[in-house]
DNA sequence: GAGCACTGC
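Numbering (UniProt numbering), first residue to last: 1 to 860.
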């Protein structure tokens, strides 16, 4: 189609007019409308750029940047790199003459962080903004800031296929939204009428049943089934192949871990109708022709970063409405289609509209460092389009401080007050020159001091992209790996290096790579990155000379970058580990480092299993020697005798303990003497927490404490100190003093210690003033109970009270006593403070009733 | 029966 006939040209006048008036614009238009190629040209042709200014078009993918530049160059009629150019990592085709420049997201953000005025840039176009990549969000926010301050003439255009334009519009206000409609084939969406319970009927069985049902209603077109992962896919394929109604179909699995030829087989065209069972690869990246039926289970595995624990998670979640629409659209590429959703319409209404933007899901440390380099210290106050969780920002600040990239964040602070924002340090600025995660940047700087920049640069390059070592390979591949690569006991990084060297030597040949289970494409990308890192390192004055590789030096660099992921093996026999920060994890099966007792994991991921159980896996492991901890982090390594309470022995013991931050590396009982006050304090803690019970501390003791407190209250002239909760702890501590174990304190008398609370004079009167028992006029003794509040209470059965009259008092008549009259069964029937009154008023009625119920008792 | 898919400097 000639460019002028593209649907986007309906908007030409509006685009130009709006940008002249406001400098900000949102364009909403679907794929195929021509917006990516034509809007930059409109800006250029209508004089919206300064005399030699350029329009920078932001693309999320390198391939798109390159292809779009090529197309636009053809349309403009120049060679690429002339008026129209592109710039992506490791590749730049621009010149002095370039006025339309397609770039990928990282390029623009770097340009902004090194030149805050964006000299030479007249306009920025953000394409595919709905994908909401982290760098897209940040770049837009920075562009708006720059426009508001130093560059009011800068034009900003945000474009997307689908967009929640409301939030964006108010973020960019004042700003117009222009909409262009697209064209596509209709897809009829069907829902289940009843919620499926995948616990009872597995998702693969439901999917196969729906396939069979729809197959009976259609006579042509292929099927595409979406599943969350490889395991569910293989079960679905089995279920489909076992279904007689589907025997005319051929069925293929499709996911990223499959070898390329199997992926090709799934996508190829056949005479017979086919069913492809796929992960999300088929949602966006792969297009499959001929599909008219989509069966969508509505689930996907989603990767996130949990800032609370500093752990990556990969768990099965419900997909959003936008993602479900994208999947449904796969049925309407070539003809009208059907999409069956394995959930109800009602449940659909409760789903999230969009996936969470990256800024809510990813580790933010690199972005925070970039912002601080631009002078934005308080990143919480940055005008985020969508503000990340405070926890995520805090986590990033902490990591950067640990790495020395940011001046230390004060760790002891009051609950609720935000941390003081740290400032970027000189080391932080040097780190930022390297386009890698701050952990690896820090390792490169450490490597300079230890003479191992080359291997560390290679390690950084090896971990940039996807892992290129296939998992779960067959036994023969495993054996081939071991034969070719040898054993490794020090670091998974070293094994990866050997894998890459092997692939590099074999010129990334498919055959050689397949033999060892290597993704050829992935390993091919390592070399150029390695070169780039070495180039930057050299420019930064690091020592990049070839040296004999010192494995110890390299492993120390790994420790410098990942000290917060130090782990200790719990037992020689298990893979379970304990990490710094009270986390737990399991050594991954595919790690070669199965024997180390102390290690650092460069990858910590939480993975959801089939039955919903969750596992934290430690991967990309490096064995660590304990003395390095002291060498690299002298302030965090402790080797001291500590005194602690041993729960199983119920005893305070001295231990020789070696610790890194809060991770105990080893604790051994020590013959050292235990200081008695420390022992008493620890035992007291256990007693007060209710874990240990002092048998002698009974109800009588509690009553005694109440009596002391009431004595202080009612007889202030005695100057008795009342006994508070804190005093109680002091008393327990006094009782425990001199003892080490529970067996020493369990039956230890407590009253002697408690009696010491009072002076001799006070002791002399307490039993007199506030006695435990009171002798009444008839000669009988009755118990008196004291409570924290209210008068003392004398309780006695009616028969015990015969012959007693009037009121009772204690303490020389100062404290009136309540009398609780009990029935023969000890149940209270009346509370009174005057017995004479009771005998006269209530007793006759009580007697009538009770004497009938208890005829064998005496009733006067 | 441990583990989606991407992408960028």
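Backbone N, C-alpha and C fix where the C-beta goes; we use that ideal spot for every residue, glycine too. Treat the numbers as computed from the prediction; the structure is a model and nothing was measured.
Do you know how far the Cα of residue j is from the Cα of residue i?
| i | j | result |
| --- | --- | --- |
| residue 127 | residue 143 | 14 Å |
| residue 399 | residue 438 | 9 Å |
| residue 405 | residue 425 | 5 Å |
| residue 463 | residue 531 | 14 Å |
| residue 284 | residue 505 | 34 Å |
| residue 334 | residue 202 | 31 Å |
| residue 563 | residue 608 | 26 Å |
| residue 166 | residue 318 | 24 Å |
| residue 838 | residue 831 | 9 Å |
| residue 345 | residue 337 | 19 Å |
| residue 313 | residue 451 | 35 Å |
| residue 65 | residue 107 | 12 Å |
| residue 812 | residue 648 | 53 Å |
| residue 288 | residue 24 | 37 Å |
| residue 237 | residue 331 | 20 Å |
| residue 362 | residue 499 | 29 Å |
| residue 861 | residue 324 | Any answer about residue 861 is impossible in this case: the structure gives the chain only from 1 up to 860. |
| residue 740 | residue 721 | 30 Å |
| residue 22 | residue 369 | 32 Å |
| residue 685 | residue 651 | 12 Å |
| residue 210 | residue 278 | 16 Å |
Excluding the five sequence neighbours on either side, which residues of its own chain have a C-beta within less than 7 Å of the C-beta of residue i, listed in chain order?
| i | result |
| --- | --- |
| residue 734 | 753 |
| residue 171 | 385 |
| residue 212 | 243, 245 and 246 |
| residue 707 | 766, 770 and 786 |
| residue 133 | 60, 105 and 358 |
Which residue's Cα is closest to the Cα of residue i: the options?
| i | options | result |
| --- | --- | --- |
| residue 154 | 748, 300, 49 and 312 | 49 |
| residue 87 | 62, 74, 516 and 667 | 62 |
| residue 248 | 266, 216, 225 and 230 | 216 |
| residue 431 | 180, 751, 604 and 561 | 561 |
| residue 558 | 575, 429, 91 and 441 | 441 |
| residue 580 | 119, 637, 222 and 370 | 637 |
| residue 297 | 693, 272, 241 and 225 | 225 |
| residue 829 | 483, 259, 178 and 798 | 798 |
| residue 585 | 737, 551 and 617 | 617 |
| residue 804 | 281, 775, 45 and 621 | 775 |
| residue 627 | 13, 736, 193 and 660 | 660 |
| residue 73 | 89, 51, 97 and 52 | 97 |
What residues are listed by DSSP as bridge partners for residue i?
| i | result |
| --- | --- |
| residue 577 | 569 and 585 |
| residue 54 | 121 |
| residue 737 | In DSSP, residue 737 forms no bridge with anything. |
| residue 314 | 303 and 607 |
| residue 657 | 640 and 667 |
| residue 646 | 651 |
| residue 126 | 58 and 158 |
State the start and end residues of the unbroken alpha helix (DSSP H) segment that holds residue i.
| i | result |
| --- | --- |
| residue 135 | 134-148 |
| residue 86 | Looking at the DSSP string, residue 86 is not in any alpha helix (DSSP H); the run it does join, the beta strand (DSSP E), is 84-88. |
| residue 601 | Premise fails: residue 601 lies in the beta strand (DSSP E), 598-608, not in any alpha helix (DSSP H). |
| residue 370 | 365-373 |
| residue 801 | 798-801 |
| residue 227 | Looking at the DSSP string, residue 227 is not in any alpha helix (DSSP H), and its letter there is neither H nor E. |
| residue 443 | 438-450 |
| residue 431 | 426-432 |
| residue 343 | Looking at the DSSP string, residue 343 is not in any alpha helix (DSSP H); the run it does join, the beta strand (DSSP E), is 337-344. |
Leaving out five residues before and five after residue i in sequence, what residues of the same chain have Cβ atoms less than 6 Å from its Cβ?
| i | result |
| --- | --- |
| residue 596 | 623 |
| residue 158 | 26, 126 and 129 |
| residue 266 | 252, 254 and 276 |
| residue 156 | 24, 124 and 143 |
| residue 630 | 637 |
| residue 732 | 684 and 687 |
Considering residue i, what are the terminal residues of the beta strand (DSSP E) in which it resides?
| i | result |
| --- | --- |
| residue 251 | 250-254 |
| residue 101 | 100-104 |
| residue 792 | Run containing residue 792: none; DSSP gives neither H nor E here. |
| residue 78 | Per DSSP, residue 78 belongs to no beta strand (DSSP E) and is neither H nor E. |
| residue 808 | 808-810 |
How about residue i: is its Cβ closer than 6 Å to a heavy atom in the ligand FAD?
| i | result |
| --- | --- |
| residue 844 | With respect to the ligand FAD, the structure offers nothing, as it holds no ligand at all. |
With a threshold of 8 Å on Cβ separation, who are the neighbours of residue i within its own chain once the five nearest residues in sequence on each side are excluded?
| i | result |
| --- | --- |
| residue 378 | 421 |
| residue 117 | 146, 150 and 151 |
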